[in-house]
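For reference, the structure discussed in these notes is given below.
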Amino acid sequence: MSLASAPSETVPTVYEQIASRGVSRREFLQFCGWMAACIGLDNTASAQIARALETKKRIPVVWMHFQECTCCSESFLRSSHPIVADILLDKISLDYSETLLAASGDQAEKCLHDTITKYKGEYLVLIEGSVPTGAEGAYCCVGGKSAEQILEEVAKDAKAVIAWGNCASSGCVQAAKPNPTGATPIHKLLHGKPLVNVQGCPPIAEVMAGVLVHLLTFDRIPQLDALGRPKAFYSRRVHDTCYRRPNYDAGLFVESFDDENARKGYCLYKMGCRGPTTYNSCGVIRWNGGVSFPIQAGHGCIGCSESNFWDQGPFYQRLASFPGFGIETTADQIGLGLGAATVAGIAAHAVMTNIRKRHDIGEHPGESSDLAPPSAAHEADRPKEDRS
Amino acid sequence: MSRIVVDPITRIEGHLRIEAEVKDGRITDAWSAGTMVRGMEIILRGRDPRDAWAFVERVCGVCTTVHALASVRSVEDALDIVIPPNAELIRNIMFCTQYMQDHVVHFYHLHALDWVDIVSALKADPNEASRIAQSISSWPKSSPGYFKDLQTRLTKFVESGQLGIFANGYWGHPAYKLPPAVNLIGVAHYLEALEWQKEIVKVHAIFGGKNPHPNYLVGGMPCSINIDEANAINAERLAMVARLLEQARVFVEQVYLPDLLAIAPSYLDWAAIGGGVKNYLCYGDLPTNGYRDVKSFKFPRGAILDRDLSKVHEVNPHDPDGIREFIDHSWYDYSGPAGTGLNPWEGETKLNYTGPKPPYANLNVEGKYSWLKTPRWKGHAMEVGPLSRMLVGYASGHAEIKDAVTETLAALKAPASVLFSTLGRTAARGIETKLVARWGLEFFQQLLTNVKNGDTRTFTKDKWEPSTWPASAKGIGASEAPRGALAHWIVIKDRKIDNYQLVVPSTWNASPRDAKGQRSPYEESLIGTPVHDPKIPLEILRTIHSFDPCLACAVHLYDDQGAQVGEATVNPAV
Numbered sequence: 001m002s003l004a005s006a007p008s009e010t011v012p013t014v015y016e017q018i019a020s021r022g023v024s025r026r027e028f029l030q031f032c033g034w035m036a037a038c039i040g041l042d043n044t045a046s047a048q049i050a051r052a053l054e055t056k057k058r059i060p061v062v063w064m065h066f067q068e069c070t071c072c073s074e075s076f077l078r079s080s081h082p083i084v085a086d087i088l089l090d091k092i093s094l095d096y097s098e099t100l101l102a103a104s105g106d107q108a109e110k111c112l113h114d115t116i117t118k119y120k121g122e123y124l125v126l127i128e129g130s131v132p133t134g135a136e137g138a139y140c141c142v143g144g145k146s147a148e149q150i151l152e153e154v155a156k157d158a159k160a161v162i163a164w165g166n167c168a169s170s171g172c173v174q175a176a177k178p179n180p181t182g183a184t185p186i187h188k189l190l191h192g193k194p195l196v197n198v199q200g201c202p203p204i205a206e207v208m209a210g211v212l213v214h215l216l217t218f219d220r221i222p223q224l225d226a227l228g229r230p231k232a233f234y235s236r237r238v239h240d241t242c243y244r245r246p247n248y249d250a251g252l253f254v255e256s257f258d259d260e261n262a263r264k265g266y267c268l269y270k271m272g273c274r275g276p277t278t279y280n281s282c283g284v285i286r287w288n289g290g291v292s293f294p295i296q297a298g299h300g301c302i303g304c305s306e307s308n309f310w311d312q313g314p315f316y317q318r319l320a321s322f323p324g325f326g327i328e329t330t331a332d333q334i335g336l337g338l339g340a341a342t343v344a345g346i347a348a349h350a351v352m353t354n355i356r357k358r359h360d361i362g363e364h365p366g367e368s369s370d371l372a373p374p375s376a377a378h379e380a381d382r383p384k385e386d387r388s
Numbered sequence: 389m390s391r392i393v394v395d396p397i398t399r400i401e402g403h404l405r406i407e408a409e410v411k412d413g414r415i416t417d418a419w420s421a422g423t424m425v426r427g428m429e430i431i432l433r434g435r436d437p438r439d440a441w442a443f444v445e446r447v448c449g450v451c452t453t454v455h456a457l458a459s460v461r462s463v464e465d466a467l468d469i470v471i472p473p474n475a476e477l478i479r480n481i482m483f484c485t486q487y488m489q490d491h492v493v494h495f496y497h498l499h500a501l502d503w504v505d506i507v508s509a510l511k512a513d514p515n516e517a518s519r520i521a522q523s524i525s526s527w528p529k530s531s532p533g534y535f536k537d538l539q540t541r542l543t544k545f546v547e548s549g550q551l552g553i554f555a556n557g558y559w560g561h562p563a564y565k566l567p568p569a570v571n572l573i574g575v576a577h578y579l580e581a582l583e584w585q586k587e588i589v590k591v592h593a594i595f596g597g598k599n600p601h602p603n604y605l606v607g608g609m610p611c612s613i614n615i616d617e618a619n620a621i622n623a624e625r626l627a628m629v630a631r632l633l634e635q636a637r638v639f640v641e642q643v644y645l646p647d648l649l650a651i652a653p654s655y656l657d658w659a660a661i662g663g664g665v666k667n668y669l670c671y672g673d674l675p676t677n678g679y680r681d682v683k684s685f686k687f688p689r690g691a692i693l694d695r696d697l698s699k700v701h702e703v704n705p706h707d708p709d710g711i712r713e714f715i716d717h718s719w720y721d722y723s724g725p726a727g728t729g730l731n732p733w734e735g736e737t738k739l740n741y742t743g744p745k746p747p748y749a750n751l752n753v754e755g756k757y758s759w760l761k762t763p764r765w766k767g768h769a770m771e772v773g774p775l776s777r778m779l780v781g782y783a784s785g786h787a788e789i790k791d792a793v794t795e796t797l798a799a800l801k802a803p804a805s806v807l808f809s810t811l812g813r814t815a816a817r818g819i820e821t822k823l824v825a826r827w828g829l830e831f832f833q834q835l836l837t838n839v840k841n842g843d844t845r846t847f848t849k850d851k852w853e854p855s856t857w858p859a860s861a862k863g864i865g866a867s868e869a870p871r872g873a874l875a876h877w878i879v880i881k882d883r884k885i886d887n888y889q890l891v892v893p894s895t896w897n898a899s900p901r902d903a904k905g906q907r908s909p910y911e912e913s914l915i916g917t918p919v920h921d922p923k924i925p926l927e928i929l930r931t932i933h934s935f936d937p938c939l940a941c942a943v944h945l946y947d948d949q950g951a952q953v954g955e956a957t958v959n960p961a962v
């Protein structure tokens, strides 16, 4: 979906802004190349990004907070490449953010009002948090208005909406059973607007930056999967991009936290790791400037970029089974459902691969029953994901 | 008499509304309201206690880690688990990391714009800014050219007409008193701190895999140590932690503290404003001999009443008569009569919204007006946070804390009484950051020594399996979050959470008044505050921000009856 039309005001382009901060053209182009790689594009796209940033005006952005913990804002601020922080804080025009705005009260409300009236159809709405529908909206009010009333008001003339994190995408912890406040994700309340769900609790900083740069550069929302997540960042299972995956294939597992196997960095599947059912970029981009990610630091993935992951616990109970699809399989395809014969074929292949690898490594394997042979029958046990 | 409403209060975590009465240029009464609720404790009921840390960590993403720490401690307390020394040290290092990141971000990004006038920085003399910067610190980014470039960029930003987060600020307000050159330094360090804060949290990524929301574990920490393995905490990972902690110490000592001391002298009038309640509570934290040895804590435990620093009162979180919570002005129901206060062990709550239907202009402050409950310690309204920690440490005769406080007071040429104020609260935060920056390195050295001596344990398997647990157990996990005293109460029955309750720092500070009409710290601290123009609430922001509000933490609910609190219960009319 194209989002063409830039702010009508005469303002410096992103490149002019960056250049005025002493960033060289060479550094700028390096950044464009990095961002292209991040979004999953080939080299030719970096020129396109550079061109776009050189000519586009700063897009007005309003950042709303509803039922949330501000971890998405905090993650966003951790964006690791300085130039990205510059773009997000200065090259877009962040006109409303309860975390950073200098003004409070009436003056803050004026900031919001000015932007959504002056830039109709041109501004982006970024939403952190779910919207409670219980108690006629009284579970979350800002300036005396309910979250639902504010959402309607700010989204009406928005160019596009980004739902940051698990709260806005699927309700997160407050929507876990029994969801006492009626916490509701944005996609269930908002219709007829381009919407991107940037999943995770929180999402990785560079993923947030990447989605924004995509919108800014190409004037369109990125390709999305069936859950509304950008395919560039959510098409691979953590399991398939995990550097500990060879241990899984070889049947080498941690049996208890800090045991000998944990100290060798074996697979955390038996400790409840949700990597096999979680689609995210943790294994590829990693966290905090690529320093680490949960599995690297010895704890299983808890699945925070999946809908309703809080109700898939207990977290330390290993997955009874999971679909044995390869790296090429996307959430879409799982959603469509593969034929049982196909699944059985992959399963047989996986088992054979595992046996061969264990043989090659020559280590004592774990019990074979722990290899979690995938089967089509188990797919039915998977929790139904909300794909509306 | 006029009524001011400030909603939203920005540059905080969460949703806070302040209403205040102003007469003859001063605030005569004030009401603090939390306007968002999620229902975390109801959601926890029936779940595996070992999972609780992950749920409650999501109470707050700004003070991430603190609820995870309190949670694993509560389970370990209930199940009688003693964690290995290395796990305690790693938790302490993560704690110090969190303090440094949180306090620096608070100072520059949440609080500084109350004192630093961005627009004034445009007319500063960069040579003067450089001279001042070099006279207060050896921080290298201080040349005239550096400040000149920054000013040029700032000017272009303002001329673009798109002011972003700085739009509609209170620039030019007569309460801004810094010379233009100091304002320019403030803006420079606002941007530098933004860069720096993402570095220090890499310590969390190394030990906990990510930040915000790193991993914790009941029984220790999940990161194994193996100096001969690429896939564990090894020499490379430890070297990175050392470098990050040292860089943080330098930033705190060469940027944050000199700025604090450069800004404070222009605002000494704020050393007599914003004092608030006169009682201070601190659970203490940073164990040096295990969490059970309270005497070993770097931050001592205790309470001070009526600003009497000659006596530190003993605090016991397990005492059923110590902490009680009231709901007389909160949107909840108790089964007992009005004025009932319950210890969290017997905590009982049902959401019952009785406020105006949104959209509304005013809350009924005579009745119930907040989603926060009102906690009291032995009936007293208590302030928690950096000021309480420094006062309890000072009054306890803790040498390092006493020296650090004395040093700062000497630099400001001010008596100890200035601490009981808005400025004192902001100064106390800086003082403890300096201490914590050193302590983080101390804990790191101890970790290295243990590893060198062959002790690499980070986890105890003892009581990990639910089959080894008693049929029922109760625990409390207490901590000192950056914003103050934090505790979680857990009841475990049949290997599941039967009840889980949090009493958190901003509940102590931001709560509505109690049944006796005693105001809590935010409300009390605003009384007497001068207001130059009721339409421009800069002075209110100064005092409220000095507490570093965190409202997502403060609002929660519990219901030990197990009743589902749904819409029908909340509003029978619907």
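These protein sequence lines are chains F and U, in that order.
Per the numbering used here, the first sequence starts with residue 1, numbered consecutively.
Per the numbering used here, the second sequence starts with residue 389, numbered consecutively.
The C-beta atom is built at its ideal place from N, Cα and C for all residues, glycine as well.
Review point. For a contact meaning CB atoms closer than 8 Å, what does U:V772 contact in chain F?
Key: Ordered by position in chain F, no residue passes the 8 Å Cβ test against U:V772, which lies about 20 Å from the chain.
Practice item. Can you give me the start and stop residues for the beta strand (DSSP E) that F:M64 sits inside? Key: Following the DSSP letters along the chain, one finds F:M64 inside the beta strand (DSSP E) bounded by residues P60 to H65.
Check your understanding: Of all Cβ atoms in chain F, is any one closer than 9 Å to the Cβ of U:K586?
Key -> Judged by the 9 Å Cβ criterion, U:K586 is in contact with chain F.
Check your understanding: So which of U:C611, U:G533 and U:D902 has the shortest CA-CA distance to U:I717?
Key -> Reading off the sequence shown, one finds His at residue 717 of chain U, where the question assumed Ile. Closest by alpha carbon: U:D902.
Exercise for review: Have a look at U:I594 and F:L126 and give me their C-alpha separation to the nearest angstrom.
Suggested key: Pairing U:I594 with F:L126, the inter-Cα distance amounts to about 30 Å.
Check your understanding: Nearest CA to the CA of U:G422: which residue from U:E736, U:C611, U:T762 and U:R438?
Key -> Answer by Cα proximity: U:T762.
Check your understanding: Is there a Cβ from chain U that is less than 9 Å from the Cβ of F:N398?
Key -> The requested residue 398 of chain F does not occur in the structure, where chain F is confined to residues 1 to 388.
Point to revise | 7 Å Cβ cut-off: residues of chain F touching U:V463 | key: For the C-beta of U:V463, not a single chain F residue is nearer than 7 Å; the gap to the nearest is close to 13 Å.
Point to revise | Among U:L404, U:T931 and U:R871, nearest to U:Y671 - alpha-carbon criterion | key: Per the C-alpha coordinates, the member of U:L404, U:T931 and U:R871 positioned closest to U:Y671 is U:R871.
Exercise for review: Assign U:Q889 to one of three DSSP states: helix, strand, or coil.
Suggested key: DSSP places U:Q889 in strand when its eight states are reduced to three.
Review point. Can you name the residues of chain F whose CB is closer than 9 Å to the CB of U:Y722?
Key: Under the 9 Å cutoff, chain F gives no residues; its nearest Cβ is about 17 Å from U:Y722.
Review point. Any idea if F:H191 is buried or exposed, counting beta-carbon neighbours within 10 angstroms, 16 or more meaning buried?
Key: By the beta-carbon neighbour count (other beta carbons within 10 angstroms, threshold 16), F:H191 is exposed.
Practice item. Establish whether the CB of F:G337 and some CB of chain U are separated by less than 9 Å. Key: For F:G337, the pLDDT reaches just 37, beneath the cut-off of 50, and the residue's location in the model is therefore unreliable, although a value from the coordinates is still provided. Using beta-carbon distances, F:G337 does not count as an interface residue toward chain U, since no partner is under 9 Å.
Practice item. Helix, strand or coil for U:E713, going by three-state DSSP, please let me know. Key: Looking at U:E713 - three-state DSSP - the assignment turns out to be strand.
Point to revise | Per DSSP, the bridge partner or partners of F:N197 | key: According to DSSP, which records beta bridges pairwise, F:N197 is partnered with F:A163.
Review point. Would U:L674 pass as a contact of U:C484 if the rule is Cβ separation under 9 Å?
Key: It is a contact, given that the beta carbons lie within the stated cut-off.
Check your understanding: Applying a beta-carbon distance threshold of less than 7 Å, which residues of chain U neighbour F:L94?
Key -> Residues of chain U with a Cβ closer than 7 Å to the Cβ of F:L94 are, in chain order, G552 and I553.
Review point. Can you pull the DSSP bridge partners for U:L730?
Key: The partner list for U:L730 (beta bridge, DSSP) reads U:E713.
Review point. Nearest to F:R318 by alpha carbon, out of F:G289, F:Q296, F:M271 and F:V142?
Key: When only C-alpha atoms are compared, the closest one is F:M271.
**Study point:** Which residues DSSP lists as bridging U:K881, in chain order
**Key:** Residue pairing by DSSP places U:K881 opposite U:S860 and U:K884 in a beta bridge.
Check your understanding: According to DSSP, is U:I573 helix, strand or coil?
Key -> Correct three-state label for U:I573: helix.
Exercise for review: Examine the Cβ distances between the segment 637-650 of chain U and the segment 810-821 of chain U and report whether three or more of them are shorter than 8 Å.
Suggested key: Contact between the segment 637-650 of chain U and the segment 810-821 of chain U is present, with at least three C-beta pairs closer than 8 Å.
**Study point:** Contacting residues, own chain, Cβ-Cβ under 8 Å from F:C111 (five flanking each side not counted)
**Key:** Beyond the five residues adjoining it in sequence on each side, F:C111 comes within less than 8 Å, by CB distance, of D95, Y96, L101 and A103 in the same chain, given in chain order.
Practice item. Check whether the Cβ of F:Q317 sits closer than 8 Å to any heavy atom of the ligand NAD, and report yes or no. Key: In the structure shown, the ligand NAD is absent, as is every other ligand, since no ligand is present at all.
Practice item. Could you pull out every residue in the same chain whose Cβ sits closer than 6 Å to the Cβ of F:T330, ignoring the five residues on either side in sequence? Key: Because F:T330 sits at a pLDDT of 42, beneath the cut-off of 50, its placement in the model cannot be relied upon, and the following sentence gives the value as read from the coordinates. If we look at F:T330 and ignore the five residues flanking it on each side, its Cβ neighbours are S235.
**Study point:** Spatial distance of U:Q834 from U:D681 (CA atoms)
**Key:** About 18 Å.
Review point. Below 9 Å between beta carbons: does that hold for U:V793 and U:A691?
Key: When the beta-carbon positions are compared, U:V793 and U:A691 stay at least 9 Å from each other.
Review point. Thinking just about the alpha-carbon of each residue, which of U:K699, U:G727 and U:N731 is nearest to the one in U:C710?
Key: Per the sequence shown, the amino acid found at residue 710 of chain U is Gly instead of Cys. Checked all of U:K699, U:G727 and U:N731; the closest Cα to U:G710 is U:N731.
Check your understanding: Would you call the segment 232-247 of chain F and the segment 259-271 of chain F touching, i.e. three or more CB-CB distances under 8 Å?
Key -> Remark: three or more beta-carbon pairs, one from each stretch, lie closer than 8 Å, so the segment 232-247 of chain F and the segment 259-271 of chain F are flagged as touching.
**Study point:** Neighbour list for F:F293 in chain U, Cβ cutoff strictly below 7 Å
**Key:** Those are G597 and K598, listed as they occur along chain U.
Point to revise | Contacts that F:K145 makes with chain U (C-beta to C-beta distance below 9 Å) | key: Those are P746, P747 and Y748, listed as they occur along chain U.
Practice item. Measuring alpha carbon to alpha carbon, tell me which of U:E868, U:P922 and U:E912 ends up nearest U:T931. Key: Closest in C-alpha terms to U:T931, from the list U:E868, U:P922 and U:E912, comes U:E912.
**Study point:** Beta-carbon gap between U:D694 and U:K666 smaller than 9 Å
**Key:** Result yes, Cβ atoms of U:D694 and U:K666 sit closer than 9 Å.
Practice item. Could you name the residues of the same chain whose beta carbon sits closer than 7 Å to that of U:A569, not counting the 5 residues immediately before and after it, in chain order? Key: Within the same chain, U:A569 has close Cβ partners A512, D513, E516, A517 and I520.
Exercise for review: Please list the partners that U:L914 has in chain F, where partner means a Cβ-to-Cβ separation under 7 Å.
Suggested key: At a C-beta separation below 7 Å, U:L914 has no neighbours in chain F, since its nearest C-beta there lies roughly 14 Å away.
Practice item. Sort out for me which residues DSSP pairs U:H876 with in a bridge. Key: Its beta-bridge partners are U:G865 and U:L890.
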